[in-house]
Structures are given as C-alpha cells and as structure tokens.
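Report on the structure given below.
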Amino acid sequence: MIVLTILLLQNNKLNAQNMESNLTTPQLKIVTIAANTAIGELDNLKTELNAGLTVNQIKEILVQMYAYAGFPRSLQGINTFISVLNDRKAKGIIDLEGKEASPLTDTRDKYTRGREVLEKLTLTNQKNITGANAFAPAIDIYLKEHLFADIFERDVLTYFERELATISALSAMHGVAPMLQSHKNIGRNVGITDAQLEQVQTIINTISNTLFSKGERNNPDYFTGEVYLKPLVSQDESDGYYSAGSVTFMSGARTNWHTHPSVQTLIVTEGEGWYQERGKEAVKLQKGIVIPIPVGVEHWHGASKDSKLVHIAITNFKNNSAVTWLRPVTDEEYDNAK
Ligand code: MN
C-alpha cells in the first residue's frame, strides 16, 4: 500500500474571506465521503453517496483518497459507490454524471508542474528539499509528479474541494497529526475558513474510527438523545442466556434510569461518558473502563456533554427479560454528573 502524505512547513496565511459562512451541502458531502472512505466505514459511506455531488465529483474524491489512505480504502470506496449507483439505477433514479477532467495542455515535465501546484497551495517556495523528501527522494517525486501534478491538475474538483477532502480524511485517521496541521494551513490558503475547519472537526467527531459500525437508532422511548445499537450476539445465539451489542451515545445522550434482572457488563471502547447508580456519585467512563452492574440496582449510562460514548453491553437474561425501564434521567440529574 502506498500512502502519500505531505510533510511541509509553510506560512500560516489566514484567508479572512467568508469568515462566517458555513460549508454548503455539497461541501459537507465531500467531508463525510472523504472521511468515511479513509477509515473504511463503508456502511456510513453508503448513506453519504446518495446525492448532492455529480458522479464524476464523487469518483474524483474516492480516487484522491488513495493518495492519503491507500489503494485498498480507495478501491473499497469505489466499489461501494458502484453498488450505490446500481441500487439507484434499479429505482429509476438518474444521477448527473457531471464534468470530466479537461485535457492537459501544459507540456512541461510533471515534477515542475507538481512543484508549482504545491507552491500555489503552500504559498511557499518548494525548491529546497528537506526532511522526509530529502531522506527518501522517491517520495518527493511521487508527491510532486503524481499527487500534485497527476491528481491535482484534474479540474473536476477545485483546490478548495480537494483540500477539504484531504483535511477530512486526515482528521478521521490516526497518527497523522503533522500532515493534518500542514493541510489545515494549505486549506486556509485556498479559502477554507477557521469556522469551516471547526465545522469539519465537529462532523469528524461523529464519524471516527469505531470498532463496530454504529448500527440502528435505538427505541427513543427509553433514551434521551441519539442512541444507536449494533447487535453483536443475539439472545438466540447464546441459547437464551445473554445478548451483547455495541451502543453508541451521541454527546448528551443517555439511557433512562433502569434495572437489570441479571448482571450487565459495560466495556467502554470509545469516547467519554458517565455511569451512575441511584444515590451514588457518577463514575466517569472512558476507553478501557469496565463496569460490572449488580442485579436490580437502579442506574443509567450515557455520553458526556461534549463527547460521544461507545460501549459494549453484555446483558444477561432472567426469565427471558434483560431490563426494566424506568423514567428518563432529567437534565438536572444529568448536569450533576461530574
Ligand atoms: Mn444498564
């Protein structure tokens, strides 16, 4: 797998235009398509590929992703798009193909062209090769000839749109913080505002790389806010003894107060939240925390105010019942958890 990233320090040139304007609907699609492709969240990607951009624009984002997340992610994204388009065709939906890339007229060598594109993006002279590019000159050539010439010269997407896709992908990936920082600076140079960068981050916080997919929305009668369940082991599969599932609480979301007729175990896999038993202090939840919940004890669990929470719940059955739901956790009770 070839992963091309850029490791360049450049001036932080703030573009003050449109400081207040939110990303448009098609731009938001670029964010979610790029991020979900980069981390292989194909179920989520499927729902993002339904409309808002032309077929060629989406293809272009999925192709660009290979330079940041590798061929396997890019190809999986493209395969997902093929199946979405087939489903839509079967339903009689006609998707706009959109503009193809214009033929190239610049006959200079690719390396020079790529370097010039990079100079336009970074507003910095790129003649000096340092760091990773100097140490492994092959990567310097791939970056300039291929990423910034071959890919960036295709005018199906603007520089603004391409940087938006890159920033979204890197924000969703782990271990690429310096490259994300570089691309945020490039993003500002091509007109992405700080407010829009914040908007991207907010969206990425709801995507991220979870162990399991989010699943389906849980019955809202027993929860406050948005809660999703991805079943892992059904009651049938465990001969009636227990069920296991991954539960995702979006920030502020929580269960009602409830009890279990047998034991329940929570294993936190992502995010931050709270577990509270009636009459006791709330316990802070974060990745790796395991909570064994005793039989019959009234309690609730949920996300913190500014982070989502994902936990696996292993819930035992007694006389075919796994939970007794009580009233919602009030805002006052929730706010007291700290
Ligand atoms: Mn419980």
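Sequential numbering from 1 applies to the sequence shown in my numbering. Beta carbons are placed, not taken as given, at the ideal position from N, Cα and C, and that holds for glycine. On a predicted model such as this, the values are computed, not experimentally measured, just so you know.
With burial defined as no fewer than 16 other Cβ atoms inside 10 Å of the residue's Cβ, what is the status of residue i: buried or exposed?
{"i": "F71", "result": "exposed"}
{"i": "H183", "result": "buried"}
{"i": "R327", "result": "exposed"}
{"i": "I207", "result": "buried"}
{"i": "F135", "result": "exposed"}
{"i": "V268", "result": "buried"}
{"i": "V227", "result": "buried"}
{"i": "N189", "result": "buried"}
{"i": "I129", "result": "exposed"}
{"i": "D331", "result": "exposed"}
{"i": "L285", "result": "buried"}
{"i": "H174", "result": "exposed"}
{"i": "L53", "result": "buried"}
{"i": "N319", "result": "exposed"}
{"i": "G271", "result": "buried"}
{"i": "S21", "result": "exposed"}
Just verifying my parser: in three-state terms, what is the DSSP assignment at residue i?
{"i": "Q126", "result": "coil"}
{"i": "N44", "result": "helix"}
{"i": "I93", "result": "coil"}
{"i": "L104", "result": "coil"}
{"i": "I2", "result": "Below a pLDDT of 50, predicted positions are generally treated as unreliable, and I2, at 41, falls in that range; the measurement from the model is reported next regardless. Reduced to three states, the DSSP call for I2 is coil."}
{"i": "I58", "result": "helix"}
{"i": "S182", "result": "helix"}
{"i": "I207", "result": "helix"}
{"i": "F81", "result": "helix"}
{"i": "A38", "result": "helix"}
{"i": "D335", "result": "helix"}
{"i": "F233", "result": "For the record, residue 233 in the displayed sequence is Val; it is not Phe. Correct three-state label for V233: strand."}
{"i": "E226", "result": "coil"}
{"i": "A282", "result": "coil"}
{"i": "K318", "result": "strand"}
{"i": "Q17", "result": "Caution applies to Q17, whose pLDDT of 40 falls short of 50 and renders its modelled position unreliable; the value that the coordinates give is listed next. Coil at Q17, not helix or strand."}
{"i": "Y66", "result": "helix"}
{"i": "R327", "result": "coil"}
{"i": "L53", "result": "coil"}
Would residue i and residue j qualify as a contact pair, given that the criterion is a beta-carbon distance under 8 Å?
{"i": "G187", "j": "I204", "result": "no"}
{"i": "F317", "j": "G245", "result": "no"}
{"i": "Y242", "j": "T315", "result": "yes"}
{"i": "H301", "j": "Y275", "result": "yes"}
{"i": "A172", "j": "I39", "result": "yes"}
{"i": "E153", "j": "L121", "result": "no"}
{"i": "T224", "j": "A253", "result": "yes"}
{"i": "L232", "j": "I141", "result": "no"}
{"i": "G77", "j": "L96", "result": "no"}
Verify the contact flag: residue i, CB atom, against every heavy atom of ligand 2, threshold strictly below 7 Å.
{"i": "Q286", "result": "Ligand 2 is not part of this structure, which contains only ligand 1."}
My understanding is that residue i touches residue j, with C-beta atoms under 8 Å, so please give their C-beta distance in whole angstroms.
{"i": "N36", "j": "E48", "result": "6 Å"}
{"i": "E216", "j": "L197", "result": "No, E216 and L197 are not in contact; Cβ-Cβ is about 31 Å, not under 8 Å."}
{"i": "K46", "j": "T80", "result": "6 Å"}
{"i": "I293", "j": "Q264", "result": "4 Å"}
{"i": "A90", "j": "D155", "result": "That belief does not hold up - the Cβ atoms of A90 and D155 are roughly 32 Å apart, past 8 Å."}
_In chain order, what are the residue ranges of uninterrupted beta strand (DSSP E) at least 3 long that sit wholly in the region 285-313?_
290-293 and 299-303
*asked:* My parser needs the beta strand (DSSP E) runs of 3 or more residues fully inside the region 138-205; what are they?
replied: none
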